[in-house]
Each structure stands twice: as C-alpha cells, then as structure tokens.
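Quick note on our numbering: the sequence shown kicks off at 80 and runs consecutively.
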Amino acid sequence: MAEGGAFERLEARLFDVIDLHGVSYLLKWDQATYMPPGGAVARARQTALLKTIAHERFVDVEVGRLLERAEREVAHLPVDAFEAAYVRVARRDFDRAVATPAAFTRRFFAHTAKTYQTWTEARPVDDWSRMVPLLETTLELSHELSAFEGPGADHPADPLIARSDHGMTVAALRPLFAALREALVPLVRVAREREPADDAFLRRPTAVAAQVAFARARVASFGYDLQRGRIDPTAHPFAIEFSLDDVRITIRSRADDLRETLFTTFHESGHGMYHQGLDPRFEGTPLADGASAGVHESQSRLWENVVGRSHGFWRGAYPDLRAALPDALHDVPLDTFVAAVNAVRPSPIRTAADELTYDLHVIVRFELELAMLEGRLAVRDLADAWRAAYADVLGVDVETDRDGVLQDVHWFSREIGGAFQGYTIGNLLSVQFFEAACRAHPEIPAEIEAGRYDTLFAWTRQHVHRHGRTYDPVDLIEHVTGGGLDAEPYLAYLRGKFGDAAN
Ligand code: ZN
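Here is the structure:
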C-alpha cells in the first residue's frame with residue numbers, strides 16, 4: 080500500500096519514539112527493583128531527559144505533516160486494518176500531545192514533582208494540612224489540563240478520564256457506579272454481621288523463596304512467558320514492558336502473609352500476559368498497548384480474583400501450595416484456605432481491600448474527584464469528606480489522614496480526575512469477559528479445577544490481547560461480550576460468592 084510512502088516514514092519515526100519510552104521504562108524498572116538509593120537524583124534527571132527527547136520527537140511538525148498524508152493514504156482501508164488503526168491511534172495521541180503548551184507542561188510537571196516529594200514526607204507524619212495548598216494548585220492545573228485536552232467537554236473530568244479510559248465519560252460512569260454502590264453497601268453490611276473467616280494461619284511465617292517459586296510456576300502455567308518476562312521484588316508492584324518480547328512483572332512478598340506473593344503475582348501476570356499477547360506486528364507502534372486502563376485491569380483481575388480466588392482454582396492448585404509450604408498449611412483444609420483468601424473485612428485501606436469492598440473504595444474516590452472538579456467540594460474539606468464517605472459507605476472509621484485521604488499516591492503525583500475509574504471498570508469487565516469465555520468454551524471451569532488454563536488463556540489472547548489498541552474500548556467490549564460495560568454480571572458474581580446464599 081501507500082504509494083506516497085508517508086505511512087512508512089511515519090512508522091519509522093514513531094518506532095524510535097516508542098523505543099525511547101521503552102528505554103525510560105527500563106530505567107524506571109531498575110529504580111523500583113535494584114537501584115541503590117544513592118542513584119535516585121541522577122536517575123530522575125536521566126528519565127526526564129529521555130521523556131523530553133521522546134516528547135520532542137513525537138510533537139515534531141514533520142510528524143504532523145506525515146500524519147495528515149498518511150490519513151489520506153489509509154482512508155480507503157477498513158477501520159480495523161493495521162494501517163488504519165495505527166493512524167487513528169497515532170492521531171489521537173498526537174493531538175493530545177500538542178494540545179498542551181510546553182510552558183504549561185513544564186509548570187505541571189514541576190508542580191506534581193514537588194507535590195509528590197512533599198507527600199512522601201507528609202504522609203508518614205500524618206500532615207494533611209501541608210498538602211492542602213499544593214492540592215489546591217493541582218486542582219486548578221487539572222482544570223487547565225482538561226480545557227487544553229478536551230475543550231468543550233461535557234464535564235471537566237471527561238478529558239482526564241479519556242487519557243486512560245478512552246470513550247468513557249462521567250455521564251456513562253456516574254449512574255453505573257451509583258448503582259453498583261447501592262447494591263454493594265447492603266451486601267457489605269450483611270457480610271460484616273457474619274463471623275469473619277479465620278485467616279490467622281495465613282500469617283504463619285513461611286520462606287519467601289518458596290512462596291515465589293509456587294507463584295512463579297503457577298503464572299507460567301497460566302501463560303505468562305518467562306522467556307519473554309521475569310519476576311522481581313518491589314515495594315509497589317507493577318507490570319512494565321521494554322518491547323513485546325521483554326515484559327516484566329514486579330511483586331511484593333511478606334514472610335508473614337503469603338497472600339502478598341500469591342495475589343500480586345497473579346495480578347501482575349494478567350497485565351504481563353496482555354502485553355506479551357499483542358500482535359507481534361505491533362512492536363514499535365502506538366497499537367502496542369492495552370485498549371484502556373480498564374481493559375488492562377480486567378486481565379489482572381481475571382487471574383487474581385475470578386480465577387485466583389475461586390474454589391475451583393484452589394481445588395486444583397492447593398495440593399501444590401501445601402507441598403510448597405508444608406509447615407504453614409499441613410493442618411489447613413482446602414475449604415478453610417479458600418474462605419480465608421476471600422475473608423471480607425472492611426478496612427480503611429484500598430490496597431488491602433477484599434473483593435467485595437474494593438469497588439466502594441474506588442467509587443468514593445471517583446465521587447470525591449467529581450465533587451472537587453465540579454466545585455462542590457473545596458480541597459480544604461476533602462479529608463473530612465473522605466471520613467464521612469468511609470463511615471457512610473463502608474462503615475469504617477478513618478482514624479488518621481495517613482490511612483485516609485493521604486493513602487494513595489494518585490492525587491499527589493498527577494492531575495485530579497480520571498485516576499480511579501479504571502479499577503472498577505476492570506472488575507466489571509473481568510467477569511463479563513470470563514463469562515463470554517465460558518459461553519464459548521463451557522469446559523473452562525472444569526479445566527481450571529484440573530490445573531489447566533490453556534483454553535481460557537487462548538481465549539483472552541484471541542479476543543482481547545492480540546488487538547492491542549486496534550479497537551476503542553467500547554467497541555472491543557461490544558465485540559467480546561455482545562453488549563456494553565455492565566455491572567449486573569459482576570454483581571451476580573459477588574452475590575454468588577459473598578451473598579446470603581454463599582454461606
Ligand atoms: Zn493492575
């Protein structure tokens with residue numbers, strides 16, 4: 080195709096931009112795993128330099144010209160043709176990158192860097208008041224960013240949501256999340272009244288190396304390719320890619336709580352498998368990423384929760400875990416273990432939340448973000464609003480701001496708006512996708528019980544992974560499920576697991 084050759088020239092230019100990002104991710108991975116603390120200052124400088132070079136190369140006027148010509152070259156192609164999808168996604172990224180004046184971007188990054196640094200000092204000493212003036216500026220800058228990236232948007236959060244969850248809007252998400260909240264609050268209340276499952280044995284000390292060996296073998300059997308990936312310890316787990324053939328995950332372990340290793344490894348392997356499963360042709364292209372934050376999270380939650388916390392999964396996997404950790408588990412029956420890893424215990428901390436309460440943490444944050452952006456909530460009242468929301472929705476007393484409004488890094492390291500919805504979108508989709516897979520292959524649950532995951536893995540690869548960013552998330556969801564983002568399947572799943580009938 081492309082007699083004019085603009086597409087090929089565009090492709091060559093963007094390959095370098097994407098490789099520059101890959102190199103900066105390598106620096107980030109090293110920083111979060113093995114870099115000695117003394118390396119921090121130079122590393123921040125070097126990472127910023129690479130990001131600046133990548134950004135400058137991307138917003139170059141020549142890229143704009145090539146994009147225009149490439150758009151004409153591919154105009155006759157079907158929308159899901161590689162070249163057509165490439166140009167469409169590159170255009171979206173390019174327009175966003177050039178929408179924001181360089182002076183604003185510098186001001187924004189300088190401010191968020193300072194805010195993040197201050198947060199790392201203020202959080203341990205529970206000093207919310209120190210963050211208030213900084214966050215007030217963040218809110219102003221978030222409005223400016225929104226106006227640059229989505230002038231005329233229906234809601235100031237919409238352009239910020241679109242950064243990670245393209246196609247999702249406040250108008251669509253607010254009623255969906257409100258309905259989810261309405262349904263979850265009574266379920267949590269019922270669960271609280273029950274005797275919580277005994278999970279004390281999960282805190283018996285075990286060798287981290289043995290935990291990791293088990294988790295590593297298990298995610299390899301899920302389909303995470305260790306020839307094109309690796310697993311390393313970190314403080315805040317993540318998945319990261321330097322190319323399609325080097326997709327790493329990082330995990331967190333505790334000798335006195337084996338859940339950390341198990342569920343961070345399962346979770347991150349879902350992200351890693353997504354990236355490893357992209358069409359090999361996407362190497363060095365803007366299509367080489369997940370369709371959205373929410374779709375990415377659907378893959379991590381699928382393996383962490385829908386599979387990894389299910390009774391069927393552990394029927395197959397528990398004998399191996401017990402053999403790996405005999406001292407801790409020799410006297411623990413399967414049912415006790417499964418109940419323990421699903422214990423419902425409302426807590427002030429999102430990352431410690433069980434499956435039933437998790438989305439309430441997300442919805443509280445989503446609603447507070449909207450209230451701030453709509454001017455209904457002043458930053459100085461945020462900590463109190465946080466406490467009130469936790470008491471109301473989760474029945475939890477937030478005793479310190481450290482375990483309240485200061486707990487998550489998001490608002491203290493980036494804009495306010497668009498940071499949290501992807502977690503809940505991912506939970507909803509994890510069940511919608513799993514059910515679609517089981518409709519196509521009813522043998523999947525029995526295979527999982529038998530310790531085989533290849534049919535489910537192959538289904539995710541074919542229907543989700545390989546497409547990368549080819550389809551807009553809304554279209555991908557439609558292709559895969561035959562419908563839209565829907566809370567009902569997820570609620571039915573939670574009711575089946577945690578509702579009255581479950582015990
Ligand atoms: Zn995740």
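We treat Cβ as the ideally placed atom computed from N, Cα and C, and that holds for glycine.
Quiz item: Taking just the CA atoms, how far does V287 sit from D335?
Solution: 9 Å
Quiz item: Between the region 523 to 533 and the region 229 to 241, do at least 3 Cβ pairs fall closer than 8 Å?
Solution: no
Quiz item: Should the region 413 to 426 be regarded as contacting the region 531 to 542, the criterion being three or more beta carbon pairs within less than 8 Å?
Solution: no
Quiz prompt | G387 and F445 closer than 8 Å at C-beta | solution = no
Exercise. Starting from the C-beta of D596, find all residues in its chain whose C-beta is less than 6 Å away, skip the five residues before and the five after it, and write them out in chain order.
Key: Past the boundaries of the shown model lies residue 596; the chain is included only from 80 to 582, so the question cannot be answered.
Quiz item: Is the region 368 to 385 close to the region 504 to 520, with three or more CB pairs under 8 Å?
Solution: yes
Exercise. With DSSP as the reference, please indicate the residues paired to P312 in a beta bridge.
Key: I330
Practice problem: Please state if the CB of V291 and the CB of S225 are separated by a distance shorter than 8 Å. | Solution: no
Quiz prompt | Extent of the continuous beta strand (DSSP E) run through S348 | solution = Looking at the DSSP string, S348 is not in any beta strand (DSSP E); the run it does join, the alpha helix (DSSP H), is L337 to Q355.
Practice problem: Identify every residue that forms a DSSP beta bridge with I77. | Solution: Absent from the structure is residue 77, since the part of the chain shown begins at 80 and ends at 582.
Quiz item: When you compare each of L263, G454 and L323 to L305 by their alpha carbons, which one comes out closest?
Solution: L323
Self-check item: DSSP-derived helix/strand/coil call for E478
Solution: coil
Practice problem: My understanding is that R144 touches P365, with C-beta atoms under 8 Å, so please give their C-beta distance in whole angstroms. | Solution: Not a contact, Cβ separation roughly 17 Å.
Quiz item: Who are the Cβ neighbours of A255 in its own chain at under 6 Å, not counting the five residues just before and after it?
Solution: Looking at the sequence itself, residue 255 is Leu, so the reference to Ala does not match. So the list reads A566, once near-sequence residues are dropped.
Quiz item: Between E434 and the ligand ZN, is the CB less than 7 Å from at least one heavy atom?
Solution: no
Quiz item: Among residues of its own chain, excluding the 5 on either side of R466, which ones have a beta-carbon nearer than 7 Å to its beta-carbon?
Solution: V477 and G483
Quiz item: Quick one: any contact between the region 215 to 230 and the region 185 to 196, if contact means 3 or more CB pairs under 8 Å?
Solution: yes
Exercise. For the region 185 to 250, list the alpha helix (DSSP H) runs that are entirely contained and at least 4 residues long, ordered along the chain.
Key: 211 to 228 and 236 to 243
Exercise. Rank E90, T126 and M114 by C-alpha distance to the C-alpha of H100 and give the top, closest one.
Key: T126
Quiz item: Where does the unbroken alpha helix (DSSP H) through G575 begin, and where does it stop?
Solution: E567 to F577
Practice problem: State yes or no: is the C-beta of G308 within less than 8 Å of the C-beta of G349? | Solution: no
Practice problem: Drop a sphere of 10 angstroms on the beta-carbon of R297, count the other beta-carbons inside from all chains shown, and report buried for 16 or more, exposed for fewer. | Solution: buried
Self-check item: Separation of A407 from R574, as counted between CA atoms
Solution: 31 Å
Practice problem: Keeping to the same chain, check which residues put their C-beta closer than 6 Å to that of A294; ignore five residues upstream and five downstream. | Solution: T340, L341 and T344
Practice problem: Check R428 in the structure and name its three-state DSSP category. | Solution: For the record, residue 428 in the displayed sequence is Ile; it is not Arg. Looking at I428 - three-state DSSP - the assignment turns out to be coil, as it is neither helix nor strand.
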